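Take the sequence shown: its letter number 282 is residue 281 in numbering that gives the first Met the number 0, and every next letter is one higher. Backbone N, C-alpha and C define an ideal beta-carbon position, used for all residues, glycine too. Quick caveat: nothing in here was measured; it's all calculated off a predicted structure. Worksheet: the structure to be examined is printed underneath.
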Amino acid sequence: MEVQQQFKIIQERRPLVKMSQLKVIVNKLNKRTEPISKFVDKSNIIGTVSKGYMFEGTKQISNALGDWFEDRDGYYYWGGGLLTLDIPLGTTVQVPDLPINLPNPYRVGIDVSHHNTIPSWQEIKNCGVTSVYIKLSEGVGTPDIMAIKNATSAKQLALNIGYYHFCRPDTRNGGTVSNDAEAEADEVFRLMAGAPKPNLPLVLDLENAPNWDTPLKKEDYRDWINIFINRIEDKCNMECMIYSRKEYLDRKLPHDHDLGKYKLWISRYTLRDCNKVELPVGWNNWAMWQYRDDGIIGTNGKLDINIIKDKSLF
Numbered sequence: 000m001e002v003q004q005q006f007k008i009i010q011e012r013r014p015l016v017k018m019s020q021l022k023v024i025v026n027k028l029n030k031r032t033e034p035i036s037k038f039v040d041k042s043n044i045i046g047t048v049s050k051g052y053m054f055e056g057t058k059q060i061s062n063a064l065g066d067w068f069e070d071r072d073g074y075y076y077w078g079g080g081l082l083t084l085d086i087p088l089g090t091t092v093q094v095p096d097l098p099i100n101l102p103n104p105y106r107v108g109i110d111v112s113h114h115n116t117i118p119s120w121q122e123i124k125n126c127g128v129t130s131v132y133i134k135l136s137e138g139v140g141t142p143d144i145m146a147i148k149n150a151t152s153a154k155q156l157a158l159n160i161g162y163y164h165f166c167r168p169d170t171r172n173g174g175t176v177s178n179d180a181e182a183e184a185d186e187v188f189r190l191m192a193g194a195p196k197p198n199l200p201l202v203l204d205l206e207n208a209p210n211w212d213t214p215l216k217k218e219d220y221r222d223w224i225n226i227f228i229n230r231i232e233d234k235c236n237m238e239c240m241i242y243s244r245k246e247y248l249d250r251k252l253p254h255d256h257d258l259g260k261y262k263l264w265i266s267r268y269t270l271r272d273c274n275k276v277e278l279p280v281g282w283n284n285w286a287m288w289q290y291r292d293d294g295i296i297g298t299n300g301k302l303d304i305n306i307i308k309d310k311s312l313f
């Protein structure tokens, strides 16, 4: 445990450097503690990685055998067995602890609300973040007090922005599922009219709160979502995306629902492999993956960090 903690401290103190997204293109590639000058040298091999494995690394040296790349853990790989993949044009992704097997191409985004402390948007931009989702509202009558400020700050740095609405599907507004869904959609429409214009889809944040969960039955919950989305599409002429956890959607929706036609932003924190993200019933892919809620970028407080796979969100 002590050795692991010391190693973690060393990693955290290591300065941010230019990272490349790398993919193994040979059947097996040796993982070494340091570069070698002759392939016959087997003394520092600690393992192998297989063809198709992807990770982030830094080009360190070149010798008679070619380039050598170092991964985030300090291990080395021969560059002749690697392919350098796409990263965001004009940026270098310097977000710590990215997951492995990143999509090609990919982007990195964050999402924020009044709960976040962001003293430096410039540091977020400099680290390669390209998109920001901003909490706009919750239910009816609860706008996020930082929405306009966050959106304005992000747009000033030419970051893509989108809004998310924390949905509270029930019947408290108007007495019916339909009236309630339309009331929340109208609230979003009203608030967006006075906020910086987004260029990303509107997100329905579907989850429970500490002291609240939807009381609706599965079919009514599905209908509420469809009514809300149809209202937004009619009034705002904009696309919608769904955010939630696999466990929550599988528990709250009927398994024959028709919501898989909408983009999915999936939340899963206990995983660090893009190829192992499990999907809720009804979806066959994810557009965004919120893989951590405690990311640190520069001097900013803890942030939700997302991998963006869907190119339409770039």
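*Give the straight-line distance between the Cα atoms of Asn-284 and Asp-309, rounded to the nearest whole angstrom.*
Distance between the alpha carbons of Asn-284 and Asp-309: 9 Å.
- If you count every other CB in all the chains shown that lies within 10 Å of the CB of Ser-119, and 16 or more means buried, which is it? Result: exposed.
Please classify Gln-20 as buried or exposed, where buried requires at least 16 other C-beta atoms within 10 Å of its C-beta.
With 16 or more other Cβ atoms within 10 Å, it is buried.
Helix, strand or coil, according to DSSP, for Cys-166 in the structure here? For Cys-166, the secondary structure class from DSSP, reduced to helix, strand or coil, is coil.
Next on the checklist: Rounded to whole angstroms, what is the Cα-Cα separation between Arg-221 and Leu-205?
Outcome noted: Looking at the backbone, the Cα of Arg-221 and that of Leu-205 are separated by about 11 Å.
- Okay, do the region 164–177 and the region 208–223 touch, 3+ Cβ pairs below 8 Å being the bar? With the cut-off at 8 Å, the region 164–177 and the region 208–223 touch.
_Considering only their Cβ atoms, is the gap separating Ile-147 from Leu-199 smaller than 8 Å?_
No, these two residues do not count as a Cβ contact at 8 Å.
Check whether the region 258–268 touches the region 76–86, taking contact to mean three or more Cβ pairs, one atom from each stretch, closer than 8 Å.
-> No, they do not touch.
So, are the CB atoms of Val-92 and Ile-109 less than 8 Å apart? The answer is no: Cβ separation not under 8 Å.
Exposed or buried, what is Pro-314 when buried is set at 16 or more other beta-carbons lying within 10 Å of its beta-carbon? Because the chain here runs from 0 to 313, residue 314 falls outside it and cannot be looked at.
Local Cβ density within 10 Å of Lys-251, reported as buried at 16 or more and exposed below that
Counting Cβ neighbours within 10 Å, Lys-251 comes out buried, since at least 16 surround it.
| task | Indicate the three-state DSSP secondary structure (helix, strand or coil) for Val-131 in the structure shown. | result | If DSSP states are grouped into helix, strand and coil, Val-131 belongs with the strands.
**Asked** Would DSSP call Thr-23 helix, strand or coil?
**Response** The sequence as given places Val at residue 23; Thr does not occur at that position. Residue state, collapsed to three classes: strand.
Rounded C-alpha distance that separates Ile-296 from Tyr-132 | Cα to Cα, the separation comes out at about 16 Å.
*Which same chain residues, not among the five before or five after Ala-150, have their C-beta less than 6 Å away from its C-beta?*
Within the same chain, Ala-150 has close Cβ partners Ile-133, Ile-160, Ala-194 and Pro-195.
message: Please classify Ala-157 as buried or exposed, where buried requires at least 16 neighbouring CB atoms within 10 angstroms.
response: That one is exposed.
On the DSSP bridge list, what partners appear for Cys-239?
DSSP output for Cys-239 lists Leu-201 as bridge partner(s).
Margin query: Give me, in chain order, the residues of the same chain whose beta-carbon lies closer than 6 Å to that of Ser-311; leave out the 5 immediate sequence neighbours on both sides.
Written below: Nothing listed; no residue qualifies.
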